[in-house]
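Asker: Quick note, the sequences are listed as chains A and B, same order. All letters in the first sequence, in the order written, are residues 5 to 86 by this note's numbering. All letters in the second sequence, in the order written, are residues 5 to 86 by this note's numbering. All C-beta atoms, glycine included, are put in the ideal place defined by N, C-alpha and C.
2 protein chains.
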Amino acid sequence: MTRFMDVHHNMQGITADQLLEAHRADLAVEGEEGVHFERAWADPESGTVYCLSEGPSAEAVQRVHERSGHKADEIHAVPLAV
Amino acid sequence: MTRFMDVHHNMQGITADQLLEAHRADLAVEGEEGVHFERAWADPESGTVYCLSEGPSAEAVQRVHERSGHKADEIHAVPLAV
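1. Taking only beta-carbon atoms, is A/S50 less than 9 Å away from chain B?
2. Should A/E34 go down as buried or exposed, given a rule of 16 or more other Cβ atoms within 10 Å for buried?
3. Is A/E37 helix, strand or coil when you go by DSSP?
4. Looking only at C-alpha atoms, which of B/A85, B/I79, B/R71 sits nearest to B/D30?
5. Find the residues of chain B that neighbour A/M9, judging by a C-beta separation of less than 7 Å, and give them in chain order.
6. Which residues in chain B sit within 7 Å of A/V86, going by Cβ to Cβ distance?
7. Determine the extent of the beta strand (DSSP E) in which A/V120 is found, giving its start and end residues.
8. In angstroms, rounded to a whole number, what distance separates the CA positions of B/T52 and B/E78?
9. If we cut at 9 Å on Cβ distances, does B/A64 have a partner in chain A?
10. Which of the three DSSP states, helix, strand or coil, is assigned to B/D10?
11. Are A/A76 and A/R7 touching if we call contact CB-CB under 9 Å?
12. For A/V68, which residues of its own chain have a beta-carbon under 7 Å away from its beta-carbon, when the five flanking residues on both sides are left out?
13. For a contact meaning CB atoms closer than 7 Å, what does B/H80 contact in chain A?
14. For A/A20, is the classification buried or exposed, using 16 other Cβ atoms within 10 angstroms of its Cβ as the cut-off for buried?
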């Protein structure tokens, strides 16, 4: 399992409810891909959302996001953390 | 206090020790700016580092990074989180 940080752009104006709804949509399907979404943070002004997850591959992380309707613009493995 | 996600580019090849050393350098001076760096994640391949912090302003977060020798390329307030 690898940790990933993925980034969504063009989410200007996202609300707390929308972020929570999107996160719950990921949680609902993530198990089938062996992925777990841990946390997410959003900047409504620049329209940037960051999602922290663990999973077998970047492709598996992207499949979860695609199935829940919000494909990521960038996915980076982040094997180092403090 | 606001939560911030900042991003550093061009950090290709960063090691776990270097990430820890940079984080500790931030911790050593953050108090004077009223900032606290919580976590950081690094992708040595793309050279991307993400830092999660809390502080009074993006400028205060940047001053900590500048004083510890690694200015951030982007700083986003992330008032929304799950």
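Answerer: Checking against the coordinates, here is how it stands:
1. Counting from one through the first sequence, the residue named residue 50 of chain A turns up at place 46. Among the CB atoms of chain B, one or more fall inside 9 Å of the CB of A/S50.
2. Translated into positions along the first sequence, residue 34 of chain A becomes position 30. Buried: at least 16 other Cβ atoms inside 10 Å.
3. For this step, residue 37 of chain A is matched to residue 33 along the first sequence. DSSP, read as helix, strand or coil, puts A/E37 in helix.
4. For the purposes of this step, residue 30 of chain B is taken as residue 26 along the second sequence, with counting starting at 1. It is B/R71.
5. On the first sequence, position 5 is the one that residue 9 of chain A refers to. Listed along the chain, the chain B residues whose CB falls inside 7 Å of the CB of A/M9 are W45, Y54.
6. Start at 1 with the first residue of the first sequence, and residue 86 of chain A comes out as number 82. Here the neighbours are L23, L24, H27, R43, A44.
7. Only positions 5 to 86 of chain A appear in the structure, and residue 120 of chain A is not among them; the question remains open.
8. The count along the second sequence starts at 1 and reaches residue 52 of chain B at position 48. The count along the second sequence starts at 1 and reaches residue 78 of chain B at position 74. When rounded, the distance between both Cα atoms is 11 Å.
9. Start at 1 with the first residue of the second sequence, and residue 64 of chain B comes out as number 60. Judged by the 9 Å Cβ criterion, B/A64 is not in contact with chain A.
10. Within the second sequence, numbered from 1, the residue matching residue 10 of chain B stands at position 6. Looking at B/D10 - three-state DSSP - the assignment turns out to be strand.
11. Numbered from 1 along the first sequence, position 72 holds the residue referred to as residue 76 of chain A. Numbered from 1 along the first sequence, position 3 holds the residue referred to as residue 7 of chain A. Between A/A76 and A/R7, the CB-CB gap reaches or exceeds 9 Å.
12. For the purposes of this step, residue 68 of chain A is taken as residue 64 along the first sequence, with counting starting at 1. Residues D30, V33, E34, E37, V39 of the same chain have their beta carbon placed closer than 7 Å to that of A/V68, with the five preceding and five following residues left out of the count.
13. On the second sequence, position 76 is the one that residue 80 of chain B refers to. Neighbourhood of B/H80 in chain A, by CB distance below 7 Å: D47, S50, T52, in chain order.
14. Counting from 1 along the first sequence, the entry for residue 20 of chain A is found at position 16. Exposed.
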